[in-house]
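For the sequence shown, our numbering gives the first residue as 7, with consecutive numbering after it. Idealized CB from N, CA, C, for every residue including glycine. In what follows, a structure is listed as structure tokens, so that the remarks can point back to it.
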Amino acid sequence: MKTILVTGATAGFGRAIALKYAQNGHKVIITGRRKERLDELKQQIAQDYGTPVLPLCFDVRENTEVEKALQALPADWQNIDILVNNAGLAAGLGPIQDGHLDHWERMIDTNIKGLLYVSKVVCNMMISQKSGHIVNISSIAGKEVYPNGNVYCATKHAVEALTKGMRIDLHAHGIKVSSVAPGMAETEFSIVRYDGDEERAKKVYENVEPLIAADIAESVYFITESPKHVYIQDIVITPAAQANATTVRRNQ
Ligand code: NDP
Ligand code: 8X3
Numbered sequence: 007m008k009t010i011l012v013t014g015a016t017a018g019f020g021r022a023i024a025l026k027y028a029q030n031g032h033k034v035i036i037t038g039r040r041k042e043r044l045d046e047l048k049q050q051i052a053q054d055y056g057t058p059v060l061p062l063c064f065d066v067r068e069n070t071e072v073e074k075a076l077q078a079l080p081a082d083w084q085n086i087d088i089l090v091n092n093a094g095l096a097a098g099l100g101p102i103q104d105g106h107l108d109h110w111e112r113m114i115d116t117n118i119k120g121l122l123y124v125s126k127v128v129c130n131m132m133i134s135q136k137s138g139h140i141v142n143i144s145s146i147a148g149k150e151v152y153p154n155g156n157v158y159c160a161t162k163h164a165v166e167a168l169t170k171g172m173r174i175d176l177h178a179h180g181i182k183v184s185s186v187a188p189g190m191a192e193t194e195f196s197i198v199r200y201d202g203d204e205e206r207a208k209k210v211y212e213n214v215e216p217l218i219a220a221d222i223a224e225s226v227y228f229i230t231e232s233p234k235h236v237y238i239q240d241i242v243i244t245p246a247a248q249a250n251a252t253t254v255r256r257n258q
């Protein structure tokens, strides 16, 4: 039985990833800001799989909250085998000259700084154990830049660079670092991006069969459960209808 820490487990990919590991008999630490969602997921896992779950409610942008939560882990939760840095968001979609500072700061603070804060604590735990696997959830926006994606794309390019840097620095300590870069996936992502406008969010996936959260959970699980001598470093996963960030075939 492994211990997995998933950030952003209250929705979308993170929730599906937590369920996937729990279903396979692993212990999961689930995090996010929405406590009621964490409690609901804990209850569902207990009911469906009976595997241990530890909910931790914190904002990844607040380093003091991150440190407080992770440094106070109960003894039987301290050996984290797998960290999935998933918490993240896009806020807005528009030209750089019209950008909102608040959007930029939320994305930079969550997608880059939040990932760093969590990784710093957990990678030091993994170094003591001389093993571990970190999976960073990047995006096709980390591989390409698309019109109006400017700052979100920049944060995901940073995730790509950090993944490569962490992979090198943690290599001597027996820690693997991988990245999963999804394309269009229907979660709460677009609702958050468009500030709660569900109609506009729905249009993103109109006449396309998008990825679903479970598809991403499968990829993460495949990466971490592959044999010890195998190192899957990077996966790009899009719907069949998507060739790259801007080339999408829509059914008429
Ligand atoms: P969702 O909006 O469905 O889920 C996002 C999760 O991140 C929630 O659990 C949310 O929890 C958490 N989160 C956001 N901000 C914070 C914060 N400040 N502190 C703690 N947790 C936070 O989106 P997805 O599941 O789609 O997105 C997950 C990741 O995948 C993100 O990094 C996103 O950029 C990336 N991605 C998404 C794609 C897509 O098309 N859906 C494609 C490629 C990458 P809470 O609000 O409770 O704090
Ligand atoms: C989310 C996918 O294409 O909106 O990272 O950037 S996209």
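What do you reckon, is the C-beta of residue i under 6 Å from a heavy atom of the ligand 8X3?
i	result
I146	yes
Suppose contacts are defined by Cβ-Cβ distances below 7 Å. Is residue i in contact with residue j by that definition?
i	j	result
K33	M7	yes
R67	D115	yes
T161	M131	no
E215	G18	no
N142	N91	yes
V157	Y123	no
A191	I23	no
I275	S184	Nothing can be reported for residue 275: it is not among the residues displayed for the chain, which extend from 7 to 258.
Could you spell out the range, first to last residue, of the alpha helix (DSSP H) harbouring residue i?
i	result
D201	Element bounds for D201: n/a, residue is neither H nor E.
L107	107-113
E224	219-230
G20	18-29
Taking the DSSP output, what are the residues bridged to residue i?
i	result
K182	H139
N91	N142
P80	Paired residue(s): none; P80 is not in a bridge.
T37	L62
I243	P188
Q248	V254
Check whether the Cβ of residue i sits closer than 6 Å to any heavy atom of the ligand NDP, and report yes or no.
i	result
G20	yes
A6	Beyond the ends of the chain as shown, which are 7 and 258, falls residue 6; an answer cannot be given.
E194	yes
N92	yes
L76	no
I143	yes
For residue i, report the span of its beta strand (DSSP E) as first-last.
i	result
I174	Careful: I174 lies outside any beta strand (DSSP E), inside the alpha helix (DSSP H) at 156-177.
L11	9-12
K48	Premise fails: K48 lies in the alpha helix (DSSP H), 41-54, not in any beta strand (DSSP E).
Less than 8 Å between the CB atoms is what I'm expecting for residue i and residue j, so what's the real figure, rounded?
i	j	result
I146	A187	6 Å
D87	I10	7 Å
G155	L99	7 Å
Cβ of residue i within 6 Å of any heavy atom in the ligand MN?
i	result
L89	What this structure holds is the ligand NDP and the ligand 8X3, not the ligand MN.
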